[in-house]
């Protein structure tokens, strides 16, 4: 994640003019190398260590200057921390700006996470027509670069993040933004893949992927592109909660059945070998409540293996793999400041997985709201006793109605994808999502 309003480093030495070729930057700047956006309520020491990353700032600046034909980097500013990456804005003596993204230790598998993100961005831009930043230079192998860490150097997106405008947006403008996002997703849904996993350039996927990428384009034509391959999945569920240290099949997979079987085998391996089972984020914990155990979880997985083949969809659209942006919050959506309904860029493609639409089907985070949630394709309505409500209650009911209307528009938009075309299909996607999350 990067913001159009980066935070200045608190170290004065980092703010001074820096020659990209020779002058050294401070190497112990806590502001640059550490997570400083907030605090953690539990396990803070461990959480902070997962987000601590040192690297050679001077070398990063030198390479950034070289990438945009500048002589020197004259300023470095830090963007507010994301949960998985350190992001800097580097300003050059020729007026150009470069965004540098350095993954934290908790971002995913070394090499694969960065290599896949860069390939995914190029495919999204060149094939899907999605406005994403152009990558100037990158390295997915920390040991092979003088920077001392993996990095991506990319263009700074034009425009500003949607979250600068969203709070004061009129409802009609919000509707236009929802339509624009739906149009982007229509493009993503119109291209399907024969394999499940993550995208890579051919030379970066290792021995697990040899065949050129094959996909069906928006006109139904089968296309082969030798630049890319499908390799191991970089999805968060392959890495988070101690999974990084466990051996299991990370892909790629050639069928939906193999993909689902691998999910079950992954969870079985992790349940058996992770030293301490993570607590479920969707369950309550305490005396007298359900207490998960390894035995109970393994029993649930036995049921999963017995059932999943019978629950898989038969619709080809739902059985194929698709590339999707899974984190569409307002900070990752860039819009034109003069016309904030016009989307000019989508950032943060890290950990993108080619997976079924029913795992991708989630309304964008920026239209989430407090209050009752609509689960299907029904239209929202005002309370039957709306006329009898007090002024403040009517205002609250109208506010909820407007938020629910945005959700309804997203799900029923004619620009949107086929998997929202019927209530039964949408319910199926929701059930599959719940089924995967609540594994016992």
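Residue numbers (the UniProt record's numbering): 1 to 440.
For every residue, glycine included, the Cβ atom is placed at its ideal position computed from N, Cα and C.
Source: prediction; values computed, not measured.
CA nearest to the CA of residue i, picked from the options
| i | options | result |
| --- | --- | --- |
| residue 358 | 266, 326, 146 and 112 | 326 |
| residue 369 | 395, 344, 406 and 382 | 406 |
| residue 201 | 226, 87 and 367 | 226 |
| residue 182 | 400, 387, 362 and 382 | 362 |
| residue 162 | 144, 412, 337 and 382 | 337 |
| residue 159 | 345, 401, 40 and 292 | 345 |
| residue 34 | 41, 43, 47 and 42 | 47 |
| residue 184 | 218, 203 and 196 | 218 |
| residue 81 | 38, 65, 173 and 94 | 38 |
Nonlocal neighbours in the same chain, by C-beta distance under 8 Å from residue i, ignoring five residues either side
| i | result |
| --- | --- |
| residue 210 | 229 |
| residue 410 | 178, 181, 182, 363, 364, 367 and 416 |
| residue 128 | 187, 188, 191 and 323 |
| residue 401 | 380, 381 and 382 |
Helix, strand or coil at residue i according to DSSP, with G and I counted as helix
| i | result |
| --- | --- |
| residue 86 | strand |
| residue 170 | coil |
| residue 78 | strand |
| residue 24 | Per-residue confidence for residue 24 stands at a pLDDT of 38, beneath the threshold of 50, marking its modelled position as unreliable; no derived number is given. |
| residue 365 | helix |
| residue 371 | coil |
| residue 355 | strand |
| residue 55 | coil |
| residue 344 | strand |
| residue 417 | Note that residue 417 scores 45 on pLDDT, short of 50, meaning its location in the model is unreliable; the coordinates nonetheless yield the value given after this. Residue state, collapsed to three classes: coil. |
| residue 260 | helix |
| residue 111 | coil |
| residue 378 | coil |
Counterpart residues of residue i in DSSP-defined beta bridges
| i | result |
| --- | --- |
| residue 253 | 196 |
| residue 137 | 153 |
| residue 214 | 224 |
| residue 339 | 336 |
| residue 103 | 85 |
| residue 176 | Looking at the DSSP assignment, residue 176 forms no beta bridge with any residue, so it has no partner. |
| residue 73 | 92 |
| residue 98 | 90 and 155 |
| residue 161 | 334 |
| residue 201 | 228 |
| residue 321 | 193 and 356 |
Close beta carbons around residue i, own chain, < 7 Å, minus the five adjacent residues each side
| i | result |
| --- | --- |
| residue 137 | 63, 67 and 153 |
| residue 104 | 50, 51, 53, 84, 85 and 86 |
| residue 112 | 232 and 234 |
| residue 443 | Residue numbering for the chain in the displayed model covers 1 to 440; residue 443 lies beyond these limits and cannot be assessed. |
| residue 107 | 84, 85, 113 and 350 |
Residues near residue i by beta carbon distance below 6 Å, same chain, minus five either side
| i | result |
| --- | --- |
| residue 177 | 341 |
| residue 120 | 199, 349 and 352 |
| residue 124 | 130 and 132 |
| residue 379 | 408 |
| residue 273 | 246 |
| residue 294 | 271 |
| residue 140 | 111, 114, 115 and 150 |
Next on the checklist: Taking 8 Å as the cut-off, does the stretch 97-115 touch the stretch 329-340 (at least 3 CB pairs, one atom from each stretch)?
Outcome noted: No, because fewer than three Cβ pairs between the stretch 329-340 and the stretch 97-115 fall closer than 8 Å, the two stretches do not touch.
Check whether the stretch 219-238 and the stretch 110-127 are in contact - that is, three or more C-beta pairs closer than 8 Å.
Because the criterion of three Cβ pairs below 8 Å is met, the stretch 219-238 and the stretch 110-127 touch.
Note to self: Counting beta carbon pairs with one atom in the stretch 311-327 and one in the stretch 189-202, are three or more of them shorter than 8 Å?
What the structure shows: Enough Cβ pairs lie closer than 8 Å, so yes.
query = With a cut-off of 8 Å, do at least 3 Cβ pairs link the stretch 158-174 to the stretch 290-309?
reply = No contact exists between the stretch 158-174 and the stretch 290-309.
message = If contact is defined by three or more beta carbon pairs under 8 Å, each pair taking one atom from either stretch, is the stretch 262-280 in contact with the stretch 240-249?
response = Remark: three or more beta-carbon pairs, one from each stretch, lie closer than 8 Å, so the stretch 240-249 and the stretch 262-280 are flagged as touching.
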